[in-house]
Amino acid sequence: MTAVETDLTPLLDEIEAEARKSIGRGKVADYIPALARISPERFGMAVCGVDGSEYVAGDADICFSIQSISKVFTLELALKIVGSNALWKRVGREPSGNAFNSLVQLESEQGLPRNPFINAGALVVTDAITARTVSPVLQLLGSVRRCAARQDIYIDEEVAHSEADHGHRNAAIAHLLKSQGNLVAPVEDVLSVYYRQCAIAMTCRDLARAFLPLASGGQQPITGEKLMTPLRAKRINSLLLTCGLYDGVGNFAFRVGIPAKSGVGGGIAAVIPGKYAICVWSPELDELGNSLAGTRALELFARKTKLSIF
Ligand code: GLU
Numbered sequence: 003m004t005a006v007e008t009d010l011t012p013l014l015d016e017i018e019a020e021a022r023k024s025i026g027r028g029k030v031a032d033y034i035p036a037l038a039r040i041s042p043e044r045f046g047m048a049v050c051g052v053d054g055s056e057y058v059a060g061d062a063d064i065c066f067s068i069q070s071i072s073k074v075f076t077l078e079l080a081l082k083i084v085g086s087n088a089l090w091k092r093v094g095r096e097p098s099g100n101a102f103n104s105l106v107q108l109e110s111e112q113g114l115p116r117n118p119f120i121n122a123g124a125l126v127v128t129d130a131i132t133a134r135t136v137s138p139v140l141q142l143l144g145s146v147r148r149c150a151a152r153q154d155i156y157i158d159e160e161v162a163h164s165e166a167d168h169g170h171r172n173a174a175i176a177h178l179l180k181s182q183g184n185l186v187a188p189v190e191d192v193l194s195v196y197y198r199q200c201a202i203a204m205t206c207r208d209l210a211r212a213f214l215p216l217a218s219g220g221q222q223p224i225t226g227e228k229l230m231t232p233l234r235a236k237r238i239n240s241l242l243l244t245c246g247l248y249d250g251v252g253n254f255a256f257r258v259g260i261p262a263k264s265g266v267g268g269g270i271a272a273v274i275p276g277k278y279a280i281c282v283w284s285p286e287l288d289e290l291g292n293s294l295a296g297t298r299a300l301e302l303f304a305r306k307t308k309l310s311i312f
């Protein structure tokens, strides 16, 4: 394991103060009513080193809805369950250049979603787990808990219900996929698992820990457990870099230069291979659905530490 730098706490405090200046310029997601109630003033950041070191700032130990960040965990589990050959026949690996919940691209590309992180691709990945396991949600929770080295991670059922009640667009995508022959399990079952995976509640510290295996060649350094091969970790990181922030991914790579996954709950989890896993949370989003102050914080972190993958 690589030794990492000195105490990052003062740096994270400085980044929090600077990044907070972006608060007020974005909008908390309100298409899932249970998310609309979250205070825009929340800001947390956690940096976990592959050597077990941890540095936090602000609300790093408050739970929030991980939303699309969950797609990284389902992808890893689906690859494990069905294997990469089978999964990559059903979903692509290219950036979408479209909104995360777009239906247009899926229609024009005959049901082959561009990547596993847009909603259409994520529904196919969730279907791969749902169709092949008896308790897909429990399997997924177990997998997230192992990644995070923490047993009490839970699903916020209120958020899951709230999204289900307003999930017409995701239901439309799932039905379109079904009509195109790229969904095996019943639409309702896939959607139910999908809403619950998105409603997993975690803190910045939990998420940074859960992304540590991606920073350390597939091993969770806290428990020593090997969770995926180094090749799989590398490939997931590559997908984060090219597809992790929807159609904001190019600008994020330009500004930050670190593989990452965002969620509409305002979280962004990021990986600096061989060194750190990072999570930042600030609920206000930009027009593409990515955390505004969170992006700024990661940009500052990369700049001040001179750590990016480039
Ligand atoms: N549950 C959200 C949806 O499907 C996830 C979107 C996101 O976090 O980007 O709309």
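When you read off a place in the sequence shown, starting at 1, and then add 2, the result is the number in this note's numbering. C-beta atoms are modelled at their ideal positions from N, C-alpha and C, and glycine is treated no differently.
DSSP places Y57 inside the beta strand (DSSP E), whose first and last residues are 56-60. By the neighbour-count criterion, in which 16 or more other beta carbons inside 10 Å mark a residue as buried, S98 falls on the buried side. The beta carbons of I34 and E165 sit about 5 Å from each other, so the pair counts as a contact at 8 Å. For I311, the CB contacts under 8 Å within the same chain, skipping 5 residues up- and downstream, are L243, G259, I260, P261, I274, P275 in chain order.
In the DSSP secondary-structure assignment, M230 is not bridged to any residue.
The beta carbons of S218 and V52 sit closer together than 8 Å. Here the region 113-128 lies against the region 84-102, with 3 or more beta-carbon pairs under 8 Å apart. The alpha-carbon of A174 is positioned some 11 Å away from that of V106.
In the structure shown, V282 falls within a strand segment according to DSSP collapsed to helix, strand and coil. Annotated three-state conformation of I25 is coil, per DSSP. Look at the beta carbons and you see the region 10-27 not touching the region 240-255: under three pairs across the two are nearer than 8 Å.
When secondary structure is reduced to three states using DSSP, S110 falls in the helix class.
Cβ contact annotation for I17 (same chain, cutoff 8 Å, sequence separation greater than five): M47, A59, A299, L302, F303, K306, in chain order.
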